[in-house]
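Q: Chains as they are written, first to last, in this note's numbering: chain H, 5 to 119; chain F, 519 to 678. Quick reminder that beta carbons are idealized off the backbone N, C-alpha and C, glycines included. First the structure, then my questions, so here it is.
Here is the structure:
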């Protein structure tokens, strides 16, 4: 009997606003995507409330729960939402050519490349 | 505009919506290799380290931030509608510089809303009140172009 060891390559990608990452050719990713509480001090002081989006292939896949909630608490993260399918975190299996984009938020992408 | 490598070595690209602000952010940030607009390549992206890319991103956010700020002429309005008070609404960025262009702000005055045309970063409206002397008229900027994606600056105008 032959033992086969499958070694998956870890994925760790942090996206800032307006950044995107494309799954390379011949790769399949299994990932969890989270909103990232990367709010600059200047943003906190402005008391700006902005709904934050993650898009996969141009389609909104997840967002912060609401405009009113977002950024009103500097220590708040996006993954404390309790409703709807459009909130963080999301789990996804992505194939080559798929694009994850951060609209006006930071995103934390963790997981592995499936071998 | 730029690309960088992620922790796991994947290519991350930056595609900002506001190109002129993005170029300005590249110019104003150290170690981008860009000191003038004509140094930004049109066909390909600039390779940056993660730290420099983050600095560019922060600068871009400050330049494109849309923050509404309200102020009043002297902070007082006469009771009984005797005279009006001018309320100024400004649309500024993270450096408190006014945005150019035309926008519409929604301002709430004691919970009733008014539309204010913002041209090149500033708009005005007049308010009067029937409140009694000693009361306060609350003025708050709540929306920009129908979206809540703005700060909610608030002031109180004393009724005299």
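1) According to DSSP, what are the bridge partners of residue 13 of chain H?
2) Is the shortest distance between the beta-carbon of residue 530 of chain F and the beta-carbons of chain H less than 8 Å?
3) Are any of the Cβ atoms in chain F nearer than 8 Å to that of residue 67 of chain H?
4) Counting only Cβ-Cβ distances shorter than 8 Å, please list the residues of the region 550-581 of chain F near chain H, keeping chain order.
5) In whole angstroms, what is the alpha-carbon distance linking residue 547 of chain F and residue 575 of chain F?
6) Comparing the C-beta of residue 60 of chain H with each C-beta of chain F, is any distance below 8 Å?
7) If we cut at 8 Å on Cβ distances, does residue 17 of chain H have a partner in chain F?
8) DSSP three-state call for residue 635 of chain F: helix, strand or coil?
9) Could you name the residues of the same chain whose beta carbon sits closer than 8 Å to that of residue 30 of chain H, not counting the 5 residues immediately before and after it, in chain order?
10) Could you check which residue in H:5, H:7 and H:35 has the C-alpha nearest to that of residue 104 of chain H?
11) Identify each residue in the region 20-37 of chain H for which the Cβ-Cβ distance to at least one residue of chain F is less than 8 Å, and report them in chain order.
12) Check whether the Cβ of residue 525 of chain F lies closer than 8 Å to any Cβ atom in chain H.
13) Between which two residues does the alpha helix (DSSP H) holding residue 582 of chain F run?
A: A quick look at the data gives this:
1) Within the DSSP bridge table, the entry for residue 13 of chain H names H:117 as partners.
2) When Cβ-Cβ separations below 8 Å define contact, residue 530 of chain F makes contact with chain H.
3) So no, residue 67 of chain H is outside the interface.
4) Answer in chain order: 571, 572, 575, 576, 578, 579 and 580.
5) A straight-line Cα-Cα distance of about 10 Å links residue 547 of chain F and residue 575 of chain F.
6) No, its Cβ sits nowhere closer than 8 Å to a Cβ of chain F.
7) Interface residue, yes.
8) Here residue 635 of chain F sits in strand by DSSP.
9) Take residue 30 of chain H, set aside five residues on each side of it, and the residues of its chain with a beta-carbon closer than 8 Å to its own are 100, in chain order.
10) Comparing Cα positions, the closest option is H:35.
11) Across the region 20-37 of chain H, CB contacts with chain F closer than 8 Å involve 20, 21, 22, 23, 24, 25, 26 and 28, in sequence order along the chain.
12) Chain H contact via Cβ: present.
13) Note, residue 582 of chain F: alpha helix (DSSP H), 568-582.
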